[in-house]
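Numbering (my numbering), first residue to last: 70 to 208. We put the CB at the ideal spot given by N, CA and C, even for glycine. Predicted model only: the values in this text are computed from it and were never measured.
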Amino acid sequence: STSTGSGPNACGIACGGAEDRTNFTALLAEFRRQLNLVRPGLLLTIAPGAGIDKIAATDPGQYHQYLDFINVMTYDFHGAFEPRTNHHSGLFASPDDPSTGDVRFYNSNDAIEAFLERGVPASKLNLGIGFYGRGWTGV
């Protein structure tokens with residue numbers, strides 16, 4: 070659920086309902102069950118948004134058991150959808166970042182830590198990297 074509009078609550082945390090958290094885990098469980106019926110060992114992965122608010126909207130501590138990998142989209146934290154410039158895929162938080170609230174934690178390190186703190190094994194986490202840049206004019 071990043072700016073690309075993917076995942077539960079894609080149009081913002083307020084967009085979905087409280088049941089989305091449980092339903093997303095149930096959906097992954099059913100995907101895993103169906104894949105195992107077809108051929109055990111088929112990979113099931115997701116690419117969730119990396120904003121701490123997006124991570125909190127789901128339950129990675131529960132759903133990781135149904136997945137082989139979680140490809141964390143640690144990019145597009147910031148962009149033209151915001152009124153000021155900022156790093157779109159910072160590795161760590163910057164003490165100079167003027168962001169407030171959950172947006173202060175929009176960086177790769179804090180995203181991966183959020184998954185680990187929720188019980189996701191490190192062996193299931195892949196750090197997504199955007200191999201592109203963003204530019205602004207008039208700043």
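CA nearest to the CA of residue i, picked from the options
i, options, result
"E209", "N155, G85, F161 and F200", "The requested residue 209 does not occur in the structure, where the chain is confined to residues 70 to 208."
"N178", "S168, G170 and G197", "G197"
"N195", "R101, P152, D128 and T143", "T143"
"L136", "N105, D165, D166 and K123", "N105"
"N140", "K193, T127, T94 and F93", "K193"
"T94", "F200, V107, D171 and A126", "A126"
"H133", "V189, A149, G110 and T169", "V189"
"R90", "F200, F100, K123 and A116", "K123"
"H156", "Q131, G130, F184 and Y201", "Y201"
Boundaries of the beta strand (DSSP E) in which residue i is found, first to last residue
i, result
"F184", "Looking at the DSSP string, F184 is not in any beta strand (DSSP E); the run it does join, the alpha helix (DSSP H), is S177 to E186."
"L96", "Looking at the DSSP string, L96 is not in any beta strand (DSSP E); the run it does join, the alpha helix (DSSP H), is E88 to V107."
"I139", "F138 to V141"
Residue i - DSSP class collapsed to helix/strand/coil
i, result
"N155", "coil"
"I115", "strand"
"L196", "strand"
"Y132", "helix"
"D122", "helix"
"F162", "For the record, residue 162 in the displayed sequence is Ala; it is not Phe. In this structure, A162 counts as coil in the three-state DSSP scheme."
"A149", "coil"
Classification of residue i by the beta-carbon crowding that lies within 10 angstroms, buried from 16 upward
i, result
"A87", "exposed"
"Y175", "buried"
"L112", "exposed"
"V208", "exposed"
"A119", "buried"
"D165", "exposed"
"Q103", "exposed"
"A180", "buried"
For residue i, the first and last residue of its enclosing alpha helix (DSSP H)
i, result
"D171", "Counting along the chain, D171 falls outside any alpha helix (DSSP H), and DSSP gives it neither H nor E."
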